[in-house]
Amino acid sequence: MEKNHVIPQKQEGLFALGVKIKLGDITTEKARVIAHLIKKYAANELRFSLRQNLVLRHIKEAFLPFFYQELTQLGLTDLGFNSTSDITACPGTDTCNLGIASSTGMAVELERVLTKEYPKYLENKDLTIKISGCMNACGQHNMAHIGFQGMSIKTKEKLVVPAVQILLGGGVLGNGKGRFADKIIKLPSKRSPQALRIILDDFDTHRINGESFLDYYDKKGKLHFYTLLIPLSSTTNLNEEDFIDWGNEERYVQAVGVGECAGTVIDLVTTLMLDTEEKISFAKTSFKNGKYADAIYHSYSAFVNGAKALLISEKKKTNTKAEILSQFDETFVNSQKIHLGSDFKSLVYQIKSNEPSAHFAESYSSQAVAFLEMIKKYRKKELQRAT
Amino acid sequence: MEKNHVIPQKQEGLFALGVKIKLGDITTEKARVIAHLIKKYAANELRFSLRQNLVLRHIKEAFLPFFYQELTQLGLTDLGFNSTSDITACPGTDTCNLGIASSTGMAVELERVLTKEYPKYLENKDLTIKISGCMNACGQHNMAHIGFQGMSIKTKEKLVVPAVQILLGGGVLGNGKGRFADKIIKLPSKRSPQALRIILDDFDTHRINGESFLDYYDKKGKLHFYTLLIPLSSTTNLNEEDFIDWGNEERYVQAVGVGECAGTVIDLVTTLMLDTEEKISFAKTSFKNGKYADAIYHSYSAFVNGAKALLISEKKKTNTKAEILSQFDETFVNSQKIHLGSDFKSLVYQIKSNEPSAHFAESYSSQAVAFLEMIKKYRKKELQRAT
Amino acid sequence: MKSFRTEIENPIVEKDIIELEKKIHLYQGGQLDEERFRSLRLARGIYGQRQLGVQMIRIKLPYGKVTGNQLLRICDVADEYSTGKLHITTRQDIQIHHVSLDRTPELWAQLERDDLTLREACGNTVRNVTASALAGVDKEEPFDVTPYADAVFRFFLRNPICQEMGRKFKISFSASDKDTALSYIHDLGFIPKIKEGSRGFKVMLGGGLGSQPRHADVLFEFLPCFKLIPVIESVLRVFDRYGERAKRQKARMKFLIKKIGLDAFITQIEQEQKALSVQRFDINPTPFEKEINVNPNTVPPHGDVDSKKFTLWKKIM
Amino acid sequence: MKSFRTEIENPIVEKDIIELEKKIHLYQGGQLDEERFRSLRLARGIYGQRQLGVQMIRIKLPYGKVTGNQLLRICDVADEYSTGKLHITTRQDIQIHHVSLDRTPELWAQLERDDLTLREACGNTVRNVTASALAGVDKEEPFDVTPYADAVFRFFLRNPICQEMGRKFKISFSASDKDTALSYIHDLGFIPKIKEGSRGFKVMLGGGLGSQPRHADVLFEFLPCFKLIPVIESVLRVFDRYGERAKRQKARMKFLIKKIGLDAFITQIEQEQKALSVQRFDINPTPFEKEINVNPNTVPPHGDVDSKKFTLWKKIM
């Protein structure tokens, strides 16, 4: 019955509305608009669904265009309610102590792949994808047709990579019956989109007269899918990307109770840029108070943090302040991507060859301001090119 | 110079006072008394020492008896300031995220052994004992003459036991020189008192004309001490005690980032006794409100919690409520330690054979009250016998 | 601890909130064992978060239902105490993050003013009672399960038999045989049936996901409605008594059934009959079947709609 | 966030405390990255604790000294915000536990009223400057190191060169050659010396305990007092620039010296001369040498003393 977003009710002439909420996250701003809508036009009631979505009810047919208009303004009329692209994922490493690898980051990526490359799965209600950040299965990965479980693997050189266990063959059969998914193979988690493509392509090409995924899976057997995915599982050909978990910038660290564990997804590059601005304002205040050595040091930190921001967005190593200076020259100045009029290292190391005089403090801080403007422009250009 | 607790100052006629604070923990109540004392009689100043003690200063000789009297009332004139019995220990599993095994619990035990069996070490300022709860050495274990580092070992049967690494041969030599202790051997941590006895007995018996511990250690060499302690290191003859860390009641669980990790030392038995009392008061309230089934269930929980409290203090297994009932009969009723007039199981299981009437609710709760009195008396008798 | 004025009419709820404030104060005074404080706050929906020093709060919404005012109240609380973002869980609760422990009593008091609770959203208690999102409007449903889910939620909230169990306990109601509420992975899953004209449920027992998933067994093909609450009470009493409490990984009811077997478990349930607080519990669905007042009739003005997209979105077979 | 009235005279301190309150508010609103909030609060003595939802607070006491009023203030704060227990650390700080994150600004403001700080007690900053507990009264000391430890503490508190270093930095002053302040396990350890009648220090560099302990090297056999602060500043600048920042286990200065060698490290220090904020810094010990006023002369009445125990306790060789 639930063909798409509008579901006819047993009460003649009334309809229920399915509203897809990505990862179950909705801002209070949008939720308030919906609250007023249901108070006036939908019998003052809505139900949160077991797929982390919204279901409105008791809506007269004449009101459907109005609701569609209102929901579209909230950006809530994406297709795919309860479809394959409506991926269930637990908060994982975002806010849960037990999260080993990011489930929300992976869910966003898989949904992008489905929407761009497999649009017909936006209407497929029979095949579900679910992701959990650890084995406790709050993301229900082991009852999905295609399930992903966050974990980590150690390479031969003892390096830790965010990984995922792929599971297949779970699902609800109805009237109290259901299946649990089988564990198929472990892969570096950055290869999960490729794994999904292989599974869907194989199913779409070899499926006969519309057989269900579960029938196809039982017919082909576990080994068939294991062999399909084996090429992705080797950890000898990892690249830099594989060491960074979905939705993160910095290298993956499995935070296992190491004192205070890390783990939010706030964009580090933007934070560093803000930090650079803050250092420049500190330099100005110190200068005003006649503390020239302090002012110079703040400008020095501004140079270093600004350079670190750009280097991180290029996934470069930034282990020490000294290394940041040479890496910046290597990555941006020698390659003519950014023109400073001199190399970055000598620009910054003026601090070593000048006494902390008012004169030097002033020129050093204006150079820092100019540098910040330059990297802001560079970053804006980069972001436009990328999206 | 620092022979004992009273140290003559370079200022003629004035003395500094060393006050030993066990594990560096002092209540605000005692600290306030000391604050008023120094304001009036000790130049309004004291210094916390690098051995987690107090050092008062600028005290005239005539005031020494007065200070001794005041400090004794605070229980702060135990001998051993800066001696071997003045053991340095980090908070370890009490409040630190990184603590693997309890350092404070072990320090209290080793100090008890020294005070009772090796009193002369209360005046020995040359040999130091230090304990850390993990390898980060906040307890400075690897610069002690005798050091202990908390860790855990897995037995063949994959069971985890709180363990300790013994280190020997560290110490301060003066004028910027010092030594780091060598790792000698790993033992279940409940055997550290025995290890200390073996080391001290060996040193006391074989030491020639007052040679220092470090000279004795260098002369004998690491292997000598390894062979001395080998018998304690086997994990095939562990007893129930070895699975419970110092200062704890429940079996040791190495809390490695398992969601919210555990770790306080508040006495579980007393908490359970308080809990039993609380359940009995809940039963009374429910009865007054005519909720007889609720009242019965609260009395039922009082029986179970009370029994659990006694079983824990006897280190018995309490995995399920049902098991608690049979264990209590086995441990206390069949052995005639406690007389109930019937076995505990049938007393408690009246809940199964009675409808939730007012009559039954009343008799069941008065039996629970009587049971609580009985176990309180039993526990009091036990505690008197133990201390 | 700043004590706030609670304008909560319901004395039981008020007592709950003031007790939470007292226990937080004791805990911060080091006089309350972490273990006990943890079970107390978990039973009041306060869960530790990965980021240190802040908490996740789970708001319990029986069968996922909110009215307009309740949703507005949740938004106010999320803006005031949290990050202005609501997270919908796979069991129809709302979670908000980064909440300060000290302010949780205040937060709870505000939610209660619109009859919203944090009580037993987490911890070893009966968690949210879920139901298919189309319950009450589903063309294929024999009857609306909402009144029955509501009665179960109210009967076991604060019920002493399920406040300190060995582990959490999950109950679901599916609207139809399509079983969208996933009865086969619940401790107790109910599917509505009509037999000789009277209402009842197919009862699934002892299912669960986690690292060792277990398919639920069929306890009853048809259980009449007045038996619903008594059977749930007897299952809870058995689980509370025989469930594992030390080894957390073995503490869910599915492990108990695996250990003693389904038959032995059923015998235990039968032996609980006498002790039950009620032998039958009649649930009256009529308050939930009142006229649906969809006022007003006139559609408010709205911009013109992209017809191609609208049809695709609307696409009713 | 309840904002409290801060009666702090010192505007810099007041700004610090209000900024902490702002950052806590941002963090609880999910607008501040956990990593950055962590380094901010660590630099203000607020450390995560094993028990969830509560913090450990470290109060920084330079060379371990407190006056009567300061100790009374610490006790008031420990009763009001913590468990009424003080923990003395092996680096002469006081730690209190189970503190609520929200109340840390208030707590700090109260401490500052008796000139006590939480500033840079934890985090990648210059930690407490320690000194032997007998400094100033030790028969064997060449001179009292207290004024020098105090000057170092004040000069580097809030100094921009050591607010965001790669790792913590520990400085100690021993009273005499007995080296009870353990200079050989400090980043910089000072031992007082007199040479041709003028005061100076033996300087130990790059020591440390932890899982890979390192014995400090001798940087100077004798460094005149007016050079103390400039040398420390140059060492901090070199550590801040070349110290490892990603791999925490390799970030202490001892690893940097192991990597580039002592000579290269010394060359770097020399190259910093020009950039230093001061070329010489004269420290005036006289304010610390005022008359010791031990009033009154009359001993207050007290119970009679158990002479045997008293003598044992008193036993002066």
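Protein chains in written order, with the working numbering: chain A, 1 to 387; chain B, 1001 to 1387; chain C, 2001 to 2317; chain D, 3001 to 3317.
C-beta atoms are modelled at their ideal positions from N, C-alpha and C, and glycine is treated no differently.
> Can you find a C-beta in chain D that's less than 8 Å from the C-beta of C/S2003?
Replying inline: Because the pLDDT of C/S2003 is 46, which lies under 50, any placement of that residue in the model is unreliable, and the number read from its coordinates should be weighed accordingly. Cβ-Cβ to chain D under 8 Å: no for C/S2003.
> Residues of chain A with a CB under 7 Å from the CB of C/F2310: which are they?
Replying inline: P65, Y68
> Which chain D residues sit within Cβ distance under 9 Å of A/Y364?
Replying inline: Under the 9 Å cutoff, chain D gives no residues; its nearest Cβ is about 11 Å from A/Y364.
> Which one of D/A3216, D/G3048, D/G3166 has the shortest CA to CA distance from B/K1177?
Replying inline: D/A3216
>> For D/G3166 and D/N3124, which I take to be in contact (beta-carbon distance under 8 Å), what is that distance rounded to the nearest angstrom?
In response: 6 Å
> According to DSSP, is A/R179 helix, strand or coil?
Replying inline: strand
> Given that C/L2209 touches chain A, what residues does it touch there, using C-beta distances under 7 Å?
Replying inline: A137, Q140, N142, M143
>> According to DSSP, simplified to helix, strand and coil, what is C/P2213?
In response: coil
>> Closer than 8 Å is the cut-off here; do at least three beta carbon pairs connect the segment 148-157 of chain A with the segment 99-109 of chain A?
In response: yes
> Got a sec: is the Cβ-Cβ distance from C/L2118 to anything in chain D below 8 Å?
Replying inline: no
> Do C/S2174 and C/S2132 have their CB atoms nearer than 8 Å?
Replying inline: yes
> Should C/N2293 be flagged as near chain A, meaning a C-beta pair shorter than 8 Å?
Replying inline: yes
> Do B/N1124 and D/K3315 have their C-beta atoms within less than 8 Å of each other?
Replying inline: no
>> With a threshold of 8 Å between beta-carbons, can A/C261 be considered close to chain C, or not?
In response: Because A/C261 carries a pLDDT of 27, less than 50, the predicted location of this residue cannot be relied on, and the following value inherits that uncertainty. For A/C261, the answer is yes, since a Cβ of chain C falls inside 8 Å of its Cβ.
> With distances taken between CB atoms, is the gap from B/D1242 to B/K1317 smaller than 8 Å?
Replying inline: no
> Just curious, the alpha helix (DSSP H) that C/K2022 is in, first and last residue?
Replying inline: 2011-2028
> Which residue from A/F66, A/G99, A/T27 puts its Cα closest to that of C/V2077?
Replying inline: A/T27
>> Suppose contacts are defined by Cβ-Cβ distances below 8 Å. Is D/T3180 in contact with B/L1050 by that definition?
In response: yes
>> Taking beta-carbon pairs under 8 Å, can you tell me which members of the segment 2099-2113 of chain C lie near chain D?
In response: V2099, S2100, L2101, D2102, R2103
> Counting contacts by CB-CB distance shorter than 8 Å, is B/E1045 in contact with chain D?
Replying inline: yes
> A/G259 to D/I3185, Cα distance in whole Å?
Replying inline: Model confidence at A/G259 stands at a pLDDT of 28, short of 50, so the residue's coordinates are unreliable; what they give is reported in the following sentence. Taking the straight line joining both Cα atoms gives about 23 Å.
> Which term fits C/P2192, buried or exposed, when burial requires 16 or more other beta carbons within 10 angstroms of its beta carbon?
Replying inline: buried
> What is the C-beta distance between C/K2060 and C/D2093, in whole angstroms, given that I count them as a contact (C-beta under 8 Å)?
Replying inline: 6 Å
> Going by the CB atoms, is the gap between B/K1130 and B/I1087 shorter than 8 Å?
Replying inline: yes
>> Are the CB atoms of B/S1301 and B/K1279 within a distance shorter than 8 Å?
In response: yes
>> To the nearest angstrom, how far is the alpha carbon of B/Q1350 from that of B/R1379?
In response: 25 Å
> Any C-beta of chain B sitting closer than 8 Å to the C-beta of C/E2080?
Replying inline: no
> In chain D, which residues lie less than 7 Å from C/T2089 when you measure between Cβ atoms?
Replying inline: Correct list: empty, because the minimum Cβ distance to chain D is about 18 Å.
> For A/T227, does the count of other Cβ atoms within 10 angstroms reach 16, so buried, or fall short, so exposed?
Replying inline: exposed
>> Below 8 Å on the Cβ atoms is my contact criterion, and I expect D/L3157 with D/I3171 to pass it. Report the Cβ-Cβ distance as a whole number of Å.
In response: No, D/L3157 and D/I3171 are not in contact; Cβ-Cβ is about 12 Å, not under 8 Å.
> Which bits of chain D does B/A1031 rub up against, with CB to CB less than 7 Å?
Replying inline: L3071, C3075, L3086
>> Rounding to the nearest angstrom, what Cα-Cα distance links C/D2240 and C/V2137 in this structure?
In response: 36 Å
>> Can you give me the C-alpha to C-alpha distance between A/Y364 and A/I296, rounded to a whole angstrom?
In response: 7 Å
>> Going by the DSSP bridge assignment, what does A/K130 pair with across the sheet?
In response: A/T88, A/G147
> D/H3097 touches chain C at which residues, Cβ-Cβ below 9 Å?
Replying inline: G2030
>> Counting C-beta neighbours from all protein chains within 10 Å, is the total for C/R2073 16 or more, i.e. buried, or is it exposed?
In response: buried
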